[in-house]
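A.B. asks: Here it is, the structure, as structure tokens.
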Amino acid sequence: AQSVTQLDSQVPVFEEAPVELRCNYSSSVSVYLFWYVQYPNQGLQLLLKYLSGSTLVKGINGFEAEFNKSQTSFHLRKPSVHISDTAEYFCAVTGFQKLVFGTGTRLLVSP
Amino acid sequence: DVKVTQSSRYLVKRTGEKVFLECVQDMDHENMFWYRQDPGLGLRLIYFSYDVKMKEKGDIPEGYSVSREKKERFSLILESASTNQTSMYLCASSLLGQGAASPLHFGNGTRLTVT
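This is the structure in structure tokens:
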């Protein structure tokens with residue numbers, strides 16, 4: 016079975032600062048990894064995904080994530096955040112069965 | 003773009019009522035899912051379906067049932083609503099052909115309050 020840990024429930028940052036949202040997973044098999052974003056009063060939408068190949072994955076809105084197999088991590092980064100990035104971010108993992116979501120990290124960007 | 007539409011944005015029901023949450027997708031996706039989202043718990047899978055009239059239990063199916071009579075429509079049913087079912091309910095769909103790599107497309111959610 017797979018599991019996902021997002022240690023930070025909330026990350027406050029100032030506009031234009033860099034940000035890293037942490038995600039660690041556990042799995043006994045190879046995995047696919049995803050980051051989803053949920054803007055206020057909306058459903059989730061796909062930010063980026065890692066299936067295979069290059070460990071650095073680029074997504075929408077300037078976000079990227081790096082798959083680190085030895086550390087079982089898939090941290091999400093953005094070099095300079097905007098107010099509009101304020102949202103909840105979910106990491107998810109699947110090992111060819113159902114998708115397992117983390118508990119989410121709320122990114123709060125202030126001016 | 004895939005559109006997943008949930009019929010109600012907000013719903014208030016009384017304890018013991020039978021509640022229907024409706025979801026429709028317009029991109030011919032085989033897979034459909036119902037999740038509930040609660041603060042600090044993330045998303046938990048209630049039921050999913052990979053074909054018409056097929057259904058599989060997720061992690062928290064107790065107190066819920068589902069119906070999939072047509073490919074585009076997946077309904078979640080609360081047989082007898084209870085206060086602990088107050089939550090945000092999210093419907094999602096995905097393509098079967100891509101397997102586990104297929105991303106989920108979500109509706110905007112239904113916030114259900116049971117009083």
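Which chain is which? The protein sequence lines are V and E, in order.
Here the numbering used here = 1-based position in the first sequence + 15.
Here the numbering used here = 1-based position in the second sequence + 2.
For glycine and all other residues, C-beta sits at the position ideal for the given N, C-alpha and C.
#1: Just curious, the beta strand (DSSP E) that Arg121 (chain V) is in, first and last residue?
#2: My output table needs one value for Ala102 (chain E): the three-state DSSP class, helix, strand or coil.
#3: Tell me the residue span of the beta strand (DSSP E) that contains Gln27 (chain E).
#4: What are the residues that DSSP puts in a beta bridge with Ile79 (chain E)?
#5: Would you grab the beta carbon distance between Val72 (chain V) and Asp100 (chain V) for me? Rounded to a whole angstrom, and I think it's under 8 Å.
#6: Decide yes or no for the touch test of the segment 62-81 of chain V against the segment 112-119 of chain V: beta carbon pairs closer than 8 Å, at least 3 of them.
#7: Any C-beta of chain V within less than 9 Å: which residues of the segment 97-112 of chain E qualify?
#8: Could you tell me the alpha carbon to alpha carbon distance between Arg11 (chain E) and Val21 (chain E), rounded to whole angstroms?
#9: For Leu45 (chain E), would you say it is in contact with chain V, using Cβ-to-Cβ distances shorter than 7 Å as the test?
#10: What does the alpha-carbon distance come out to for the pair Lys15 (chain E) and Leu114 (chain E)?
#11: Within 10 angstroms of its Cβ, does Thr117 (chain E) collect 16 or more other Cβ (buried), or is it exposed?
#12: Assign Pro126 (chain V) to buried or exposed, taking buried as 16 or more other Cβ atoms, counted over all protein chains shown, within 10 Å of its Cβ.
#13: Quick one: any contact between the segment 21-40 of chain E and the segment 99-111 of chain E, if contact means 3 or more CB pairs under 8 Å?
#14: According to a CB-to-CB cut-off of less than 9 Å, which residues of the segment 110-125 of chain V neighbour chain E?
C.D. replies: So, to answer that:
#1: The residue you call residue 121 (chain V) lines up with position 106 of the first sequence. First-last of the beta strand (DSSP E) with Arg121 (chain V): 120-125.
#2: Walking along the second sequence from the start, residue 102 (chain E) turns up at place 100. Helix.
#3: Translated into the one-based positions of the second sequence, residue 27 (chain E) becomes position 25. Element bounds for Gln27 (chain E): 21-27.
#4: By one-based count along the second sequence, residue 79 (chain E) stands at place 77. Ile79 (chain E) pairs with E:Phe22, E:Ser67.
#5: Within the first sequence, the letter at position 57 stands for residue 72 (chain V). Within the first sequence, the letter at position 85 stands for residue 100 (chain V). Contact flag wrong, Cβ pair sits at about 18 Å.
#6: no
#7: Gly101, Ala102, Ala103, Pro105, Leu106, His107, Phe108, Gly109, Asn110, Gly111
#8: Within the second sequence, the letter at position 9 stands for residue 11 (chain E). Within the second sequence, the letter at position 19 stands for residue 21 (chain E). The straight-line gap from Cα to Cα measures roughly 14 Å.
#9: For the purposes of this step, residue 45 (chain E) is taken as residue 43 along the second sequence, with counting starting at 1. Judged by the 7 Å Cβ criterion, Leu45 (chain E) is in contact with chain V.
#10: Looking up residue 15 (chain E) in the second sequence gives position 13. Looking up residue 114 (chain E) in the second sequence gives position 112. About 8 Å.
#11: As a working note, residue 117 (chain E) is residue 115 in the second sequence. Exposed: under 16 other Cβ atoms inside 10 Å.
#12: As a working note, residue 126 (chain V) is residue 111 in the first sequence. Exposed, by the Cβ-count rule.
#13: yes
#14: Gly110, Phe111, Gln112, Lys113, Leu114, Val115, Phe116, Gly117, Thr118, Gly119
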